[in-house]
Every structure is written in C-alpha cells, then in structure tokens.
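What follows is one structure encoded as structure tokens, with my remarks underneath.
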Amino acid sequence: MLGVGLIGGAVTGSWLAGDDGDGGSRGAFAAAGALWHSVPVDRLFPPTVQGQGAGPGGADRTWTRIAVAPDSGCKGAFDPLLGKALAPVGCQRLIRATYTDATQSYVTTVGLLFTDADATAMDSLAERFRDEKLGDRTDLMPRPYAAKDTAAADFGTKQRASWTVSVLTDAPVVVYAVSGWADGRTVDTPQPAAEATKSGATTPAAQAGLGNEAQGLADRIERALRKDVSSPAAERSS
C-alpha cells in the first residue's frame with residue numbers, strides 16, 4: 000500500500016496550506032483518499048525523482064523508476080505481522096513502484112497504502128507505531144516489489160536492508176519504502192532508515208547510504224502526494 004514517509008514515525012502536517020478550518024481539513028483528508036484513481040501514475044510515481052541533499056552527508060540523489068506494480072489490494076503484499084498491524088485501518092488500494100539510483104547500485108520500492116480509515120483510526124494507528132516503536136522492528140519491514148527483467152529482479156525479502164514507514168494522520172494513507180542492493184546480496188543486519196541515517200551508524204546499510212535511499216525517496220513521493228491534494232481537480236486530471 001502506498002506508503003509515504005514510512006514506519007520510521009508518524010508524519011503530520013497541513014495538506015492545504017493556510018486552511019485551518021475543520022471543514023477544510025476533512026475535505027483534504029477525503030481528497031487524499033481518492034488520489035489513487037484520480038491522479039496519473041506518473042504524478043504519484045514520477046519517472047525520475049530528484050533528491051537534492053537526500054544522500055549521506057547532504058549529497059544529491061537521482062532515482063529512476065524501473066517498475067510499477069499493478070494497483071491491487073493488500074492480500075499477500077505484506078509480511079504477516081505488518082499486515083496484522085495495518086489491518087485496523089483497512090486496505091482500499093495499494094500502489095507500489097521500484098526505483099534505482101543513478102549508479103544502479105541500489106533499488107528501492109516505495110508504496111502508498113490507501114486505507115479505509117477515518118481520521119480517528121489513522122491517529123490511533125500512528126500513535127501505536129510511535130509508542131510501540133513498530134517502525135524499528137525487523138519483523139515489520141515492508142516487502143519489496145521485484146520486477147522481472149529489471150535491476151530489481153533479485154530484490155526479495157532477504158535482500159531488504161533499510162526501510163521506513165509513515166502512518167499519516169491528515170490523510171488515509173500509509174507511506175513506506177524499503178531499499179537494498181541491486182546485485183541481489185542478502186542482508187543479515189537490516190536497519191530502519193531512522194537509525195541508518197544517524198551520524199556514526201556503522202551497519203552495512205548505513206555505510207552504503209541505504210537508509211538515505213529509503214527515507215529520501217519516501218519523503219519525495221510523499222511531497223508529490225501532498226502537492227496533488229492541494230492542486231485543483233482539473234489540473235490533477237490533466
């Protein structure tokens with residue numbers, strides 16, 4: 000499910016700048032939940048994503064989309080425990096895409112999970128992820144989308160190196176990303192992006208910048224989603 004800003008922590012904010020009324024907030028919340036069928040895939044998952052300052056030490060990143068999964072429900076899309084954790088908010092639609100970096104050394108799947116939940120349920124789930132630190136658990140990592148005949152063909156569950164999950168509270172959306180090496184190597188010590196991007200982190204994922212890959216791409220996809228919510232309907236459908 001389209002994950003934005005993944006399980007590293009709950010993401011909050013205003014979808015419509017300057018609109019503080021409850022009516023506006025409810026309208027933005029509902030509009031966000033409909034984006035999966037009203038916005039072209041190239042807007043939700045741009046063919047190229049620029050990540051200025053998103054790499055280790057503030058280095059720039061460029062990601063190229065190499066595959067888009069067919070939009071679907073959530074059956075079989077998550078490891079069992081993550082699926083159980085997300086179950087309270089339901090699954091309206093899940094969309095995913097996989098990207099590679101400019102050197103084609105890394106691959107990252109980013110997902111947007113559009114839920115059936117209202118604001119209260121999203122608040123509750125975000126609180127649980129935060130208070131129970133669910134985003135730090137390796138048994139709650141999102142699954143990658145490994146597309147055949149691409150750099151991500153060997154990007155399976157054992158190749159997951161870093162990840163992030165964000166439960167949004169101002170939209171019925173969970174944003175997530177998971178990264179790994181493009182050469183299919185297995186990973187013994189995956190690390191959440193929030194930890195892998197800390198100064199002094201020494202795991203292979205951290206040293207390679209895979210935490211930055213997951214967090215940076217998820218952040219940019221989330222920003223694009225928010226921009227679409229604030230855009231006029233006519234512009235979104237063009």
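For the record, in the sequence shown the residue sitting at position 7 is 6 according to numbering that gives the first Met the number 0, with numbers rising by one throughout.
Each residue gets a CB set at the ideal place from its N, CA and C atoms; glycine is no exception.
Whole-number beta carbon distance between residue j and residue i, since they are thought to touch under 8 Å
i: P189; j: T149; result: So it is not a contact: roughly 22 Å between Cβ atoms.
i: T107; j: E212; result: 5 Å
i: V48; j: W62; result: 4 Å
i: P240; j: L133; result: This structure does not reach residue 240, given that the chain is present from 0 up to 237, and the question cannot be answered.
N- and C-terminal bounds of the beta strand (DSSP E) containing residue i
i: G179; result: 172-180
Closest residue to residue i among the options (Cα-Cα distance)
i: G57; options: E221, T202, A146, S198; result: S198
i: A217; options: L112, G82, Q103, T119; result: L112
i: G183; options: A200, E212, P143; result: P143
i: A116; options: P203, G75, Q91; result: Q91
i: G179; options: G72, S37, R64, D153; result: D153
i: S165; options: A151, V109, T156; result: V109
i: P55; options: G215, T97, R95; result: G215
i: T185; options: F28, S161, A200, D78; result: S161
i: G89; options: P171, A145, T99; result: P171
i: G208; options: W35, T102, D78; result: T102
i: A66; options: V40, P203, K157; result: V40
i: R95; options: G26, R225, G210, P141; result: P141
i: A33; options: T114, G210, L167, L124; result: T114
i: T163; options: A30, G210, D227, K226; result: G210
Residue i, DSSP secondary structure in three states
i: D227; result: helix
i: V91; result: Correcting the residue type first, residue 91 is Gln in the shown sequence and not Val. Coil at Q91, not helix or strand.
i: A96; result: strand
i: S24; result: helix
i: D19; result: Residue confidence for D19 is low, a pLDDT of 45 falling below 50, so the modelled location carries little weight; the figure read from the coordinates is stated next. Three-state DSSP puts D19 in coil, outside helix and strand.
i: G210; result: helix
Residue range of the alpha helix (DSSP H) that includes residue i
i: G85; result: With the sequence shown as reference, residue 85 is identified as Leu, and Gly is not the correct amino acid for it. Counting along the chain, the alpha helix (DSSP H) containing L85 begins and ends at 79-85.
i: P189; result: Here P189 belongs to no alpha helix (DSSP H), and DSSP marks it neither H nor E.
Fully enclosed by the region 26-75, which alpha helix (DSSP H) runs are 4 residues long or longer? For the region 26-75, the continuous alpha helix (DSSP H) assignments of 4+ residues that do not extend past its boundaries occur at 34-37, 40-43, in sequence order.
Quick one: which unbroken alpha helix (DSSP H) runs of 4-plus residues sit fully inside the region 98-163? Chain order, please. For the region 98-163, whole alpha helix (DSSP H) runs of length 4 or above, ordered along the chain, are 118-130.
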